[in-house]
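2 protein chains.
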Amino acid sequence: MTAPALLEAYSGRRPERLPVWFMRQAGRSLPEYRALREGVGMIESCLRPDLAAEITLQPVRRHGVDAAIFFSDIMVPLHLAGVDVTIQPGVGPVVAEPVRSAADVDRLVDHQPGDASAVAEAVRIVVAELDETPLIGFAGAPFTLAAYLVEGRPSRDHLAARTLMHADPESWRRLMRWAADISADFVRTQVRAGARAAQLFDSWAGALSLDDYASHAAPFSARTLAQVRSLGVPVVHFGTGTGELLGAMRDAGADVVGVDYRIPLDEANRRLGGTTVLQGNIDPALLDAPWDVLEAHVRDVVERGRSAPAHVVNLGHGVPPGTDPDVLTRLVALVHSL
Amino acid sequence: MTAPALLEAYSGRRPERLPVWFMRQAGRSLPEYRALREGVGMIESCLRPDLAAEITLQPVRRHGVDAAIFFSDIMVPLHLAGVDVTIQPGVGPVVAEPVRSAADVDRLVDHQPGDASAVAEAVRIVVAELDETPLIGFAGAPFTLAAYLVEGRPSRDHLAARTLMHADPESWRRLMRWAADISADFVRTQVRAGARAAQLFDSWAGALSLDDYASHAAPFSARTLAQVRSLGVPVVHFGTGTGELLGAMRDAGADVVGVDYRIPLDEANRRLGGTTVLQGNIDPALLDAPWDVLEAHVRDVVERGRSAPAHVVNLGHGVPPGTDPDVLTRLVALVHSL
């Protein structure tokens, strides 16, 4: 029995079929998702095992993608640890008591990882249903968790978090160690329950200079990644606007680097020295363009991806909410034909 | 009589005193600004000559910076052209009828640049008051104008605008030509009334890949810049997250490239081939750090800036609203002592 194409590629080999999945494939673009979510809050939907499992499975059934990505939210492990966080529609995650001082960090790091049995149960349901298609575990990277905790809400430039790392590096270090362990615990739960790979999303890493990333974020991503890789699964490391950070993200201990839509894959491969498996990077803006424009773009992405040791096709950012799901299905067929 | 330090530096010479000013120095961080703005809408404040002039002058008096930057809003030339745009507090610019189709572009490009006499009058008041300190004219770059027009409101990834440029390049081109001329007309008004330099803000250019920037944005920035430079003033071109785009932004026809906080100035200088005047790039996140941390950072910025032919010290992004203005005043004194 051959390994699934996704895991072949994540191991650095080129499977017969080019594997493809989409960040945010589980969720808002699917009518069957919107129907399931009616009247159910975001965090609640992540913690009802039947619901989280069904949402995770929907895009696999519909599109025939080569992987499921566990449906969750970056804030879930914080919620499980007892941090007061809500997901406000139209705003995003809001933290009731932002972490701004050494005393705030003291209070925060007293929180232990919470009971993640609902997550484990959801993963078991998914894996039982999936047959050969692998499930990818999901977590936010420590910097992204910390950025939310310090800002208290989504932010463009993450100013308060970036101030804290320079103004009080010792508190920052304690906050980041805590976030790294919370994040690792959350992914490890998913892997132990059956996820066969994991992706660490550092959504906001692109707000950092390379120096700041290397000094104040990467060591803590490394802490998370090491705890996940010790379970023997490959890990993907992704963030947007990270063209300057690709090498540092790989060196934090990732098997695969996710590339956003801004950097062509052959250029990303050059920056990474030609030795790293790449994932990406169809521009989500083209999903809503005429098919011939999208097809030409996808062929270009695949062509550039051939420079890397192996390539998993994905978007260069999440599926936009307004995407026509039929376009995604057609895209999977196109990639599988290449 | 020697030229002001700012203009010396913008011309590629190193003046005796290192010039410094701050993006968004005029505005929200100053209590005297907040007092003036009480009960006055943003666009109204830009179009009342006495008010716009006073707001422009406030930071020059308070901080002793080497330049005034004309107080305005990126949306003002759209408003003057009769486009229905409002600045909603806590949201930002909102366009009543977003431009999404060829027909929308048809309607838009019928709008002529409006009567900018209030802007010219404000500039004349400022210049009369300023004595030797030069005034820098201000406008948004065509891509940033177009992104607002297409999205209808602030957006993280400017998806609709980026879709349009690929889905309907001909409509995109017409939209961008219009935006380029509106932007040029707005800056030319300021220069004719006495501004001695100009800065084109492409706030959202960092959302584009280099290919997309070069094909779908830079030619139109070039159209704006050429119209401004023909009046004989130096122009600065700035955007955030533009580390990959610096060369293309310079090649669009800028005398000076503004560098955001993510890329060290010596690296920016290397990317630009060592021949371009740089402006930047103190990290605004450090304005709220202890003084010794900020001072060490500023000294590092100035040191790295010495690699460039000339350097105008600035922030790597706008002054954050919560900044203590006394820190900015102290910063000016520090830079002038270096």
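Same order as they appear, the protein sequences are chains W and E.
Position in the first sequence (first residue = 1) + 12 = my numbering.
Position in the second sequence (first residue = 1) + 12 = my numbering.
Note that CB positions come from ideal geometry on N, CA and C, so glycine has one too.
One finds Tyr273, Arg274, Ile275, Pro276 and Asp295 in chain W with Cβ atoms closer than 8 angstroms to the Cβ of Ser221 (chain E), taken in chain order.
The Cβ-Cβ distance between Ile99 (chain E) and Phe83 (chain E) does not fall below 9 angstroms. In summary, the residues of the stretch 168 to 184 of chain W whose CB is separated from some CB of chain E by less than 7 angstroms are Asp169, Leu171, Arg174, Thr175, His178 and Ala179, in the order they occur in the chain. When Cβ-Cβ separations below 9 angstroms define contact, Val131 (chain W) makes no contact with chain E. Every unbroken stretch of the alpha helix (DSSP H) spanning 4 or more residues and falling wholly within the stretch 126 to 207 of chain E is given here in chain order: 129 to 142, 154 to 163, 171 to 179 and 181 to 204. Of all residues in the stretch 299 to 311 of chain E, the ones placed with a Cβ closer than 9 angstroms to any Cβ belonging to chain W are Leu299, Asp300, Ala301, Pro302, Val305, Leu306 and His309, in chain order.
By the C-beta density criterion, Trp303 (chain W) is exposed, having fewer than 16 other C-beta atoms within 10 angstroms. Residues of chain E whose Cβ lies closer than 8 angstroms to the Cβ of His329 (chain W) are, in chain order, Asp169. Taken atom to atom, the span from the alpha-carbon of Thr252 (chain E) to that of Tyr45 (chain W) is near 36 angstroms. Residues of the same chain with a CB within less than 7 angstroms of the CB of Leu284 (chain W), apart from the 5 flanking positions on each side, are Leu258, Gly259, Arg262 and Val269 in chain order.
For Gln239 (chain E), the enclosing alpha helix (DSSP H) has its first and last residue at Ala230 to Arg241. Among the residues facing chain E, Thr252 (chain W) is included, as its CB has a counterpart in that chain under 9 angstroms away.
Under the Cβ criterion of 9 angstroms, Gly317 (chain W) is not counted among the residues facing chain E. Using a CB distance cut-off of 9 angstroms, Pro31 (chain E) does not count as an interface residue toward chain W.
As DSSP reads the structure, Asn281 (chain W) sits in no beta bridge. Residue burial is scored here from C-beta neighbours: Ala80 (chain W) has at least 16 other C-beta atoms within 10 angstroms and is therefore classed as buried. Within its own chain, the residues whose Cβ lies closer than 7 angstroms to the Cβ of Val111 (chain E), once the five positions on either side in sequence are excluded, are Val117, Leu120, Leu161, Val162 and Leu187, listed in chain order. Annotation for Gly126 (chain E): Leu92, Ala93 and Gly94 place their beta carbon closer than 7 angstroms to its own, counting only its chain and skipping 5 residues before and after. In the three-state reduction of the DSSP assignment, Thr335 (chain W) falls in the coil class. Among the residues of chain W, none has a CB under 8 angstroms from the CB of Gly292 (chain E); the nearest is roughly 12 angstroms distant. The distance from the Cβ of Pro71 (chain W) to that of Leu48 (chain W) is about 13 angstroms, inconsistent with a contact at the 8 angstroms cut-off. Within chain W, the C-beta atoms nearer than 8 angstroms to that of Pro332 (chain E) come from Leu171, in chain order.
Relative to the Cα of Arg311 (chain W), the nearest Cα in the group W:Ala173, W:Ala191, W:Val139 and W:Leu277 belongs to W:Leu277. DSSP assignment within the stretch 285 to 322 of chain E yields the following whole alpha helix (DSSP H) runs of 4 residues or more, N-terminal first: 303 to 317. For the set E:Arg73, E:Arg208, E:Val203 and E:Thr341, the Cα lying nearest the Cα of Glu20 (chain E) is the one of E:Arg208. Between His178 (chain W) and Leu298 (chain E), the beta carbon gap of about 6 angstroms places them in contact (Cβ cut-off 8 angstroms). Between Ala130 (chain E) and Pro181 (chain E) a beta carbon distance of about 36 angstroms is seen, past the 8 angstroms cut, so the two are scored as non-contacting.
Three or more pairs of CB atoms, one per stretch, sit closer than 8 angstroms, so the stretch 200 to 215 of chain E contacts the stretch 147 to 157 of chain E.
Ser227 (chain E) sits away from Glu256 (chain E), with the two beta carbons spaced by 9 angstroms or more.
Residue-level contact check: Glu256 (chain W) touches chain E, since one or more beta carbons of chain E fall below 9 angstroms from its beta carbon. For the 9 angstroms CB-CB criterion, Pro89 (chain W) and Leu147 (chain W) do not form a contact.
Between Leu142 (chain E) and Val325 (chain E), the gap from beta carbon to beta carbon reaches 9 angstroms or more.
In this structure, the CA atom of His348 (chain E) is about 52 angstroms from the CA atom of Ala301 (chain W). By alpha-carbon distance to Asp193 (chain E), the top candidate from E:Thr236, E:Tyr225, E:Arg185 and E:Thr175 is E:Thr236. Going by DSSP, Thr68 (chain E) is part of the alpha helix (DSSP H) stretching over Pro61 to His75.
The three-state reading of DSSP puts Gly259 (chain E) in helix, counting H, G and I together.
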